[in-house]
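Read through the structure below, which is laid out as structure tokens, and then see the notes.
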Amino acid sequence: MKKHFESVFLKDVLKELFSNKINLVFMLLALVISLTALNTIYSLGESAKKQVLDVLANLQFGKDAMLVIAGGGKIVGVTTTRADTMKMKDVEDIEKLEFVRLVSPWARGILEVSYKGFSEKIRIEGVTPSYTIANNWYPKEGRFFNEEDLKTMAKVCVLGAEIPQKLNTKQLIGEKIKIGGEYFEIIGILEPKPSFGHFRHDERILIPLTTAMRRVFNKDHLDAMKILFKENTDVNLAQEAIRNLLRKNHNLYGIQPDDFRLITPDMAIERFTAATRILTVFLLAISVISLVISGVIIMNLMYANIEEKSSVIALRLALGATPSHIIKHYLTIALIIALISGVIGWILSLGLMKLISFFSPLKPLFSWNTFFISLCFSTLTTVIFSLIPAYKATQIEPSILLKSL
65 MKKHFESVFL KDVLKELFSN KINLVFMLLA LVISLTALNT IYSLGESAKK
115 QVLDVLANLQ FGKDAMLVIA GGGKIVGVTT TRADTMKMKD VEDIEKLEFV
165 RLVSPWARGI LEVSYKGFSE KIRIEGVTPS YTIANNWYPK EGRFFNEEDL
215 KTMAKVCVLG AEIPQKLNTK QLIGEKIKIG GEYFEIIGIL EPKPSFGHFR
265 HDERILIPLT TAMRRVFNKD HLDAMKILFK ENTDVNLAQE AIRNLLRKNH
315 NLYGIQPDDF RLITPDMAIE RFTAATRILT VFLLAISVIS LVISGVIIMN
365 LMYANIEEKS SVIALRLALG ATPSHIIKHY LTIALIIALI SGVIGWILSL
415 GLMKLISFFS PLKPLFSWNT FFISLCFSTL TTVIFSLIPA YKATQIEPSI
465 LLKSL
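Counting from 65, one number per residue, gives the positions in the sequence shown under this note's numbering.
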């Protein structure tokens with residue numbers, strides 16, 4: 065008789081699974097909604113992280129690079145020390161370090177920009193010719209600054225890719241634009257770069273560093289510099305060497321705090337993702353809670369199903385089915401529900417991510433991780449919450465129920 069139950073096992077499972085289609089739909093629906101939310105939130109987090117990495121890679125801010133920002137304190141926020149101590153001497157001294165490949169300094173500010181009736185405050189950056197190599201960023205039209213422009217403090221500028229749209233003019237090379245009260249000749253337009261959130265890389269105007277410091281900002285200090293290291297450089301040792309050099313140049317000793325910030329790619333990624341991490345964890349917690357609620361729904365529906373099929377279960381037990389057969393029967397039903405809901409939840413989350421991409425800069429991210437996460441969570445939920453009903457089914461007393469037939 066046991067062999068008989070084993071031979072018709074799958075047939076009995078499928079028959080019972082589809083015998084009450086309303087219960088099946090509710091069980092699937094409860095899981096699918098929770099899994100879709102869970103997968104979508106996970107995918108959004110991974111997509112955001114990938115976009116940050118792509119932006120940094122596109123700007124050549126990889127493992128062989130580091131930023132030095134003027135002023136001490138946290139990575140982003142109000143400085144806690146003086147921010148006017150970083151000078152060109154620091155750049156020259158860092159360039160002499162044996163592990164340094166290139167240094168690209170800059171000074172920045174927000175100034176009023178005017179052109180034929182257009183007027184808006186725009187980010188202005190004073191940079192050197194090394195800026196293109198340091199950031200892997202070149203003009204798509206015209207040219208970039210050269211050493212002669214730097215030496216003569218030329219009043220020339222290169223526009224970010226989105227600036228021409230603001231000016232509403234197709235031909236800009238050779239035109240004059242007013243920046244902070246001074247007229248500059250437009251000599252180039254940068255190729256577009258990917259942005260993330262409110263970091264709009266293409267909404268800026270570049271001018272020669274010497275021009276910026278002497279003629280525009282009227283200051284003798286830098287705001288930041290980007291350092292590229294040679295191959296196989298130990299970044300931690302390099303970071304410590306640069307820190308010691310800057311502290312010496314700035315006359316900082318003992319417990320005096322740094323009046324600069326050293327930022328590595330890992331720190332930048334952490335800064336970009338930290339803001340969304342708390343929200344992601346919160347939303348994931350809600351998704352897990354909804355999965356638990358889905359499990360409770362499945363458990364109650366299985367209780368109802370077992371109650372309805374109690375006479376059939378009693379008959380099976382009377383004919384020789386063991387408790388393990390009954391538990392195996394209902395756990396198999398749970399696994400089938402888990403598989404179906406896991407696949408549907410994953411597919412729906414991909415569709416939802418595609419929809420979200422139309423309204424946000426985040427791109428849909430296909431990942432087998434989300435598929436396996438979907439299957440794992442659906443399996444855990446259904447199996448755990450099916451164990452109690454399955455065990456209850458084994459406690460049905462065949463003799464009592466058979467007498468009532």
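The beta carbon of each residue, even a glycine, is placed where N, CA and C say it ideally should be.
In this text, all values refer to a predicted model and were calculated from it rather than measured experimentally.
- Would you call Ile174 buried or exposed, if buried means 16 or more other Cβ atoms sit within 10 Å of its Cβ? Counting from one through the sequence shown, the residue named residue 174 turns up at place 110. With fewer than 16 Cβ atoms within 10 Å of its Cβ, Ile174 is classed as exposed.
- C-beta atoms of Lys290 and Ala129 nearer than 9 angstroms: Position 226 of the sequence shown, counted from the start, is the residue given in the question as residue 290. Position 65 of the sequence shown, counted from the start, is the residue given in the question as residue 129. In contact: Lys290 and Ala129 (Cβ atoms closer than 9 angstroms).
- Query: Exposed or buried, what is Gly238 when buried is set at 16 or more other beta-carbons lying within 10 Å of its beta-carbon?
  - Reply: Here residue 238 is taken as the residue at index 174 of the sequence shown, counted from 1. Its Cβ having fewer than 16 others within 10 Å, Gly238 is exposed.
- Query: Can you tell me whether DSSP reads Lys79 as helix, strand or coil?
  - Reply: One-based indexing of the sequence shown puts residue 79 at position 15. Looking at Lys79 - three-state DSSP - the assignment turns out to be helix.
- Query: Looking at C-beta atoms only, is the number of pairs between the segment 296 to 316 and the segment 105 to 112 that lie closer than 8 angstroms three or more?
  - Reply: no
- Item | Ser450 (DSSP reduced to helix, strand or coil) | Reading the sequence shown from its first residue, position 386 is the one you call residue 450. The answer is helix: DSSP assigns Ser450 an H, G or I state.
- Item | CA nearest to the CA of Ser111, picked from Ala382, Gly409, Lys418, Ala147 | For the purposes of this step, residue 111 is taken as the residue at position 47 of the sequence shown. The candidate whose alpha carbon is nearest that of Ser111 is Lys418.
- Nearest-angstrom Cα distance between Leu99 and Leu416? Here residue 99 corresponds to residue number 35 of the sequence shown, with the count starting at 1. Here residue 416 corresponds to residue number 352 of the sequence shown, with the count starting at 1. Rounded to the nearest angstrom, the two C-alpha atoms are 12 angstroms apart.
- Query: At which residues does the beta strand (DSSP E) containing Met130 begin and terminate?
  - Reply: As a working note, residue 130 is residue 66 in the sequence shown. Met130 -> beta strand (DSSP E) spans 129 to 134.
- What residue range is occupied by the uninterrupted beta strand (DSSP E) comprising Ile460? Taking the first residue of the sequence shown as position 1, residue 460 is located at position 396. Segment: none, Ile460 is in no beta strand (DSSP E) and carries neither H nor E.
- Unbroken alpha helix (DSSP H) run spanning Pro22, endpoints: Past the edges of the chain, shown from 65 to 469, lies residue 22, and the structure says nothing about it.
- Residue burial classification, Asp298 (beta-carbon count within 10 angstroms, cutoff 16): The residue you call residue 298 lines up with position 234 of the sequence shown. Label assigned to Asp298: exposed.
- Query: Leu326: which of Leu395, Phe82, Val132 sits nearest, CA to CA?
  - Reply: Position 262 of the sequence shown, counting from 1, holds the residue named residue 326. Here the closest residue by C-alpha is Val132.
- Task: Could you have a look at Ile171 and say whether DSSP puts it in helix, strand or coil?
- Result: What you label residue 171 is simply residue 107 of the sequence shown in a count that begins at 1. According to the sequence shown, residue 171 is Ala rather than Ile. If DSSP states are grouped into helix, strand and coil, Ala171 belongs with the strands.
- Task: State the Cα-Cα distance for the pair Leu451 and Thr445, rounded to the nearest angstrom.
- Result: By 1-based counting over the sequence shown, the position of residue 451 is 387. By 1-based counting over the sequence shown, the position of residue 445 is 381. The alpha-carbon atoms of Leu451 and Thr445 are separated by roughly 10 angstroms.
- With a Cβ-Cβ cutoff of 9 angstroms, do Phe182 and Cys221 count as a contact? Looking up residue 182 in the sequence shown gives position 118. Looking up residue 221 in the sequence shown gives position 157. Taking 9 angstroms as the Cβ cut-off, Phe182 and Cys221 do not qualify as a contacting pair.
- Item | Through-space distance from Arg341 to Ile362, alpha-carbon basis | For the purposes of this step, residue 362 is taken as residue 298 along the sequence shown, with counting starting at 1. For the purposes of this step, residue 341 is taken as residue 277 along the sequence shown, with counting starting at 1. Each residue's Cα considered, the two are about 31 angstroms apart.
- Give a yes or no on whether the C-beta atoms belonging to Ser228 and Lys219 are separated by under 9 angstroms. Numbered from 1 along the sequence shown, position 164 holds the residue referred to as residue 228. Numbered from 1 along the sequence shown, position 155 holds the residue referred to as residue 219. Here the sequence assigns Pro to residue 228, which means Ser is not the residue at that position. Not in contact: Pro228 and Lys219 (Cβ atoms no closer than 9 angstroms).
- What is the DSSP secondary structure of Gly245, counted as helix, strand or coil? By one-based count along the sequence shown, residue 245 stands at place 181. Gly245: coil per DSSP, three-state reduction.
- Message: Does Glu184 come out as helix, strand or coil in the three-state DSSP assignment?
- Response: Walking along the sequence shown from the start, residue 184 turns up at place 120. Glu184 falls in the strand class under three-state DSSP.
- For Glu189, the nearest candidate out of Ile158, Leu223, Lys138 (CA to CA): Taking the sequence shown and counting its residues from 1, one reaches residue 189 at position 125. Nearest option by C-alpha distance: Leu223.
- Query: Does the segment 142 to 154 come within contact of the segment 384 to 395, defined as at least 3 CB pairs closer than 8 angstroms?
  - Reply: no
- With burial defined as no fewer than 16 other Cβ atoms inside 10 Å of the residue's Cβ, what is the status of Phe423: buried or exposed? In the sequence shown, counting from the first residue as 1, residue 423 sits at position 359. Phe423 should be labelled exposed.
- Task: For Ser71, count neighbouring Cβ atoms within 10 angstroms of its own Cβ and tell me buried if that reaches 16, exposed if not.
- Result: Counting from 1 along the sequence shown, the entry for residue 71 is found at position 7. Residue confidence is low: Ser71 scores 46 on pLDDT, short of 50, so the model does not pin down where it sits. Its coordinate-derived value is still stated next. Ser71 is exposed by the Cβ-count criterion.
- Query: For Ile237, which beta-bridge partners are listed by DSSP?
  - Reply: Here residue 237 corresponds to residue number 173 of the sequence shown, with the count starting at 1. Paired residues: none, contrary to the question.
- Beta-carbon proximity list for Lys67, same chain, < 8 angstroms, skipping 5 on both sides: Counting from one through the sequence shown, the residue named residue 67 turns up at place 3. The predicted position of Lys67 is uncertain, since its pLDDT is 48 and thus under 50; a value taken from the coordinates is nonetheless stated next. Within the same chain, Lys67 has no close Cβ partners at all.
- Task: State the DSSP-derived secondary structure class of Leu108, mapped to helix, strand or coil.
- Result: Working through the sequence shown from its first residue, we reach residue 108 at position 44. Correct three-state label for Leu108: helix.
- At what residues does the beta strand (DSSP E) containing Ala288 begin and finish? The sequence position of residue 288 within the sequence shown is 224, counting from 1. Its beta strand (DSSP E) spans residues 288 to 293.
- Does the segment 276 to 288 touch the segment 203 to 213, meaning 3 or more C-beta pairs lie closer than 8 angstroms? no
- Taking the alpha helix (DSSP H) that Ile404 falls in, what are its first and last residues? Reading the sequence shown from its first residue, position 340 is the one you call residue 404. Run containing Ile404: 387 to 421, per the alpha helix (DSSP H) assignment.
- Task: Provide the residue span of the beta strand (DSSP E) that contains Arg325, from first to last.
- Result: What you label residue 325 is simply residue 261 of the sequence shown in a count that begins at 1. Here the beta strand (DSSP E) through Arg325 covers 324 to 327.
- Got a sec? Which residues, its chain only, sit under 7 angstroms from Thr275 by beta carbon, not counting five neighbours each side? Reading the sequence shown from its first residue, position 211 is the one you call residue 275. The residues are Gly190, Met217, Ala218, Lys219.
- Task: Measure the CB-CB distance between Ile400 and Leu81 and report whether it falls below 9 angstroms.
- Result: Translated into the one-based positions of the sequence shown, residue 400 becomes position 336. Translated into the one-based positions of the sequence shown, residue 81 becomes position 17. Yes, they are a contact pair.
- Which one of Glu226, Lys230, Ile271, Ala225 has the shortest CA to CA distance from Ile243? As a first step, residue 243 is located in the sequence shown; it is residue number 179 there, counting from the start. Ranking the options by Cα distance to Ile243, first place goes to Ile271.
- Message: Rounded to the nearest angstrom, what separates Pro321 and Asn308 at their Cα positions?
- Response: In the sequence shown, the residue the question calls residue 321 occupies position 257. In the sequence shown, the residue the question calls residue 308 occupies position 244. Those two C-alpha atoms are separated by around 12 angstroms.
- Message: Between the alpha carbons of Ser421 and Ser413, how many angstroms are there, rounded?
- Response: For the purposes of this step, residue 421 is taken as the residue at position 357 of the sequence shown. For the purposes of this step, residue 413 is taken as the residue at position 349 of the sequence shown. Using only the alpha carbons, I get a separation of about 12 angstroms.
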